[in-house]
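Engineer: Can you keep this structure in mind? I'll have questions shortly.
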Amino acid sequence: MFVVAGYAQERVTTFGFQLKPLIPLNLVGTGLTQSAGENNLYSIQQRVGMSFGGVIRRGVTNWLSIESGINYTRRNYLAYVENRASGFADSSYFGIIGYEIPVTGLVFVKLSEKWYMDAAFGVAMDMFPSDVGSNGNKPAFGQKSFRTSWSDSKDVLPWLNSGLIANIGFEYRTEKSGYFYLGGSYHRPFRRAYNSVFVYDYNGVQETGSVPLLGSYLTLDFKYFFHEDREE
388 MFVVAGYAQE RVTTFGFQLK PLIPLNLVGT GLTQSAGENN LYSIQQRVGM SFGGVIRRGV
448 TNWLSIESGI NYTRRNYLAY VENRASGFAD SSYFGIIGYE IPVTGLVFVK LSEKWYMDAA
508 FGVAMDMFPS DVGSNGNKPA FGQKSFRTSW SDSKDVLPWL NSGLIANIGF EYRTEKSGYF
568 YLGGSYHRPF RRAYNSVFVY DYNGVQETGS VPLLGSYLTL DFKYFFHEDR EE
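Position in the sequence shown (from 1) plus 387 gives the number in our numbering.
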């Protein structure tokens, strides 16, 4: 049954903050990405990252709300190269900083007087300030990750991307102390965010390879909304 009573949100505008650890999981395409060169195997493994920021919610009806905000997001990765013929292997950690503005519509289902379940779906605008690079533990290996562009020209908004975002979770609403939310989100960009180029130079063998980075992520969401009175 949809929300019709209790701590309803219609004509309520509330502000809050959120903390979202990024969880790598191969099942939904947020874990390992690989590419094979002529001599080497290149791979990038997503590591645990973090996203946090402010959020604003506007109650449209007692069961429908619109939510937006701005988040700082750090995606962490491990780049790895392996040459089985020579036995060479090396790795390098790097992180990608991004800022995102999501806009989602939330539908609520009332479970009890204070407990609600919600599902949300929307879009997010992603902004990536710069390309990133890192070196391996040995001089023979390094990588540079380049932002992708909206067109064949690398000068057309390489810092801007967008994607779909969906989440599901549970919310506990109090009369005076605000709302407490626990859930999970999945974000999938419409196009890959970066292209990682590997450089290998070992024992006279030189090779470059590339691994595309879509930038998808799965999160565990913690949110808190301050108490706001209903508008008359």
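Note that CB positions come from ideal geometry on N, CA and C, so glycine has one too. Predicted model, so just to flag it, every value in this text is computed and none were measured.
Give the single residue among G602, Y503 and P408 whose Cα lies nearest to the Cα of F515.
Structural biologist: The sequence position of residue 515 within the sequence shown is 128, counting from 1. Looking at the Cα atoms, G602 is the closest of the given residues.
Engineer: Is the region 478–485 touching the region 502–512 in the sense that three or more CB pairs, one from each, lie closer than 8 angstroms?
Structural biologist: Touching, no, given that fewer than three Cβ pairs across the two stretches are closer than 8 angstroms.
Engineer: Verify whether the separation of the beta carbon atoms of V399 and R617 is less than 8 angstroms.
Structural biologist: Position 12 of the sequence shown holds residue 399. Position 230 of the sequence shown holds residue 617. Taking 8 angstroms as the Cβ cut-off, V399 and R617 qualify as a contacting pair.
Engineer: Residues bridged to N524 by DSSP?
Structural biologist: Reading the sequence shown from its first residue, position 137 is the one you call residue 524. Paired residue(s): none; N524 is not in a bridge.
Engineer: Using the DSSP secondary-structure output, state which residues sit across from G602 in a beta bridge.
Structural biologist: Counting from 1 along the sequence shown, the entry for residue 602 is found at position 215. Answer by DSSP bridge pairing: none, since G602 is not bridged.
Engineer: Expressed to the nearest angstrom, what Euclidean distance is found between the alpha-carbon atoms of N426 and E469?
Structural biologist: Reading the sequence shown from its first residue, position 39 is the one you call residue 426. Reading the sequence shown from its first residue, position 82 is the one you call residue 469. In a straight line, the C-alpha of N426 is about 9 angstroms away from that of E469.
Engineer: From the DSSP output, in three-state form, read off N590 for me.
Structural biologist: One-based indexing of the sequence shown puts residue 590 at position 203. Of the three classes helix, strand and coil, the one that applies to N590 here is coil, per DSSP.
Engineer: The beta strand (DSSP E) with W450 in it runs from where to where?
Structural biologist: Residue 450 sits at position 63 when you count from the first residue of the sequence shown. Looking at the DSSP string, W450 is not in any beta strand (DSSP E), and its letter there is neither H nor E.
Engineer: Can you give me the Cβ contacts of R445 inside the same chain, cut-off strictly under 7 angstroms, excluding the 5 residues immediately before and after it?
Structural biologist: The residue you call residue 445 lines up with position 58 of the sequence shown. These residues qualify, in order along the chain: T400, S452 and I453.
Engineer: So L409 packs on Q432, CB below 8 angstroms; how close in whole Å?
Structural biologist: Taking the first residue of the sequence shown as position 1, residue 409 is located at position 22. Taking the first residue of the sequence shown as position 1, residue 432 is located at position 45. So it is not a contact: roughly 13 angstroms between Cβ atoms.
Engineer: Less than 8 angstroms between the C-beta atoms of D513 and N463, yes or no?
Structural biologist: As a first step, residue 513 must be located in the sequence shown, where it is residue number 126. As a first step, residue 463 must be located in the sequence shown, where it is residue number 76. No, the Cβ-Cβ distance between D513 and N463 is not below 8 angstroms.
Engineer: So what does W502 bridge to, in DSSP terms?
Structural biologist: One-based indexing of the sequence shown puts residue 502 at position 115. Paired residues: Y559.
Engineer: Cutting at 7 angstroms between CB atoms, please list the residues of its own chain near G556, excluding the five before and the five after it.
Structural biologist: Translated into the one-based positions of the sequence shown, residue 556 becomes position 169. Excluding sequence neighbours, G556 sits near D505, Y568, L569, G570, G571 and D608.
Engineer: Hey, out of S521, V496, R461 and Y604, whose CA is closest to L419's CA?
Structural biologist: The sequence position of residue 419 within the sequence shown is 32, counting from 1. Among S521, V496, R461 and Y604, the Cα nearest to that of L419 belongs to Y604.
Engineer: Going by the CB atoms, is the gap between Y467 and G440 shorter than 8 angstroms?
Structural biologist: As a working mapping, residue 440 is identified with position 53 in the sequence shown. As a working mapping, residue 467 is identified with position 80 in the sequence shown. No, the Cβ-Cβ distance between G440 and Y467 is not below 8 angstroms.
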